[in-house]
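In my numbering, the protein residues as written are 12 to 115.
Written below as structure tokens is the structure these notes are about.
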């Protein structure tokens, strides 16, 4: 039985460890389509609640939260800080420290 891209994405997101982050592109690449970062964002948007995904652990490739201020940014930042993730002065996350290293 073949697992779909969406199923792969959800499986990977559920595996992101507490206190770590992954990027949209990183998830897309490991799920089988390195050019589908936007599709990962859509899957998160449409399935996070239903599938109980730790959506807050997925950020952009610059180490930043992609959600707008007043549109989820503050909630995501607070959830990440609760997990011990420290934001730099420019509100980015040091991916060298906090990015999840997915084992293939």
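Every residue gets a Cβ at the ideal spot worked out from N, C-alpha and C, and that includes glycine.
From a predicted model like this one, the values you see are computed outputs, not experimental measurements.
I need the straight-line Cα distance from residue 24 to residue 51, nearest angstrom please. 10 Å
For residue 75 and residue 33, believed in contact at Cβ under 8 Å, the rounded distance: Residue 33 to residue 75, Cβ: 14 Å. No contact.
How is residue 33 classed by DSSP in three states: helix, strand or coil? strand
In three-state terms, what does DSSP make of residue 69? strand
Hey, how far is the Cα of residue 80 from the Cα of residue 89? 12 Å
Those residues which DSSP pairs with residue 26 across a bridge: Its beta-bridge partners do not exist; DSSP assigns none.
Grab the span of the alpha helix (DSSP H) containing residue 50 for me, first residue to last. 48 to 58
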